[in-house]
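Visitor: The following block contains the structure, expressed as structure tokens.
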């Protein structure tokens, strides 16, 4: 069996890198994916879905080195599990845990175009972020 998820979104916080007891690098970050549409009443609607992304080995090292809060990325991976949580208003929510197989920068140095991978000098920029981070405060993030 096979499953794959493709996400395009903005980092909600700087990546956190750690090492397993055997020395394998692991990096985690939250990813906000926004969907915008026009409702039947003609009003603009927006929904943000949060994912918790984990990268391993070389992808983990590169993500930790080049990504930062607000940076727009494309993640290809697989869903590991869904974790339920309760928001501050008492509503039941779920966060999807995703294991990244591939992480690609979108844009670079503020560009909005589709970027290459980590080896592409134009897109392996300083990690200053694109400034397109979704409007959310820390209480909206479930982790």
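Residue numbers (the working numbering): -6 to 136. Quick reminder that beta carbons are idealized off the backbone N, C-alpha and C, glycines included.
Which residue wins for smallest C-alpha separation from residue 55, given the options 10, 29, 42?
Guide: One-based indexing of the chain shown puts residue 55 at position 62. Answer by Cα proximity: 10.
Visitor: Here's a check: name, in chain order, each residue in its chain whose Cβ is nearer than 7 angstroms to the Cβ of residue 104, leaving out the five neighbours to either side.
Guide: On the chain shown, residue 104 is found 111 positions in, with the first residue counted as 1. Since pLDDT at residue 104 reaches only 40, below the 50 mark, its modelled position is unreliable, and the value read off the structure follows with that caveat. If we look at residue 104 and ignore the five residues flanking it on each side, it has no Cβ neighbours.
Visitor: Ignore the nearest five residues each way along the sequence and tell me which others in residue 17's own chain have a CB closer than 7 angstroms to its CB.
Guide: Mapped onto the chain shown, residue 17 falls at position 24. Excluding sequence neighbours, residue 17 sits near 49, 50.
Visitor: Can you tell me which of 91, 15, 41, 82 puts its alpha carbon nearest to the alpha carbon of residue 69?
Guide: Here residue 69 refers to the residue found at position 76 when the chain shown is read from its first residue. Looking at the Cα atoms, 91 is the closest of the given residues.
Visitor: Provide the residue(s) that pair with residue 3 in DSSP beta bridges, ordered along the chain.
Guide: In the chain shown, residue 3 corresponds to position 10, counting from 1. DSSP lists 25, 65 as partners of residue 3.
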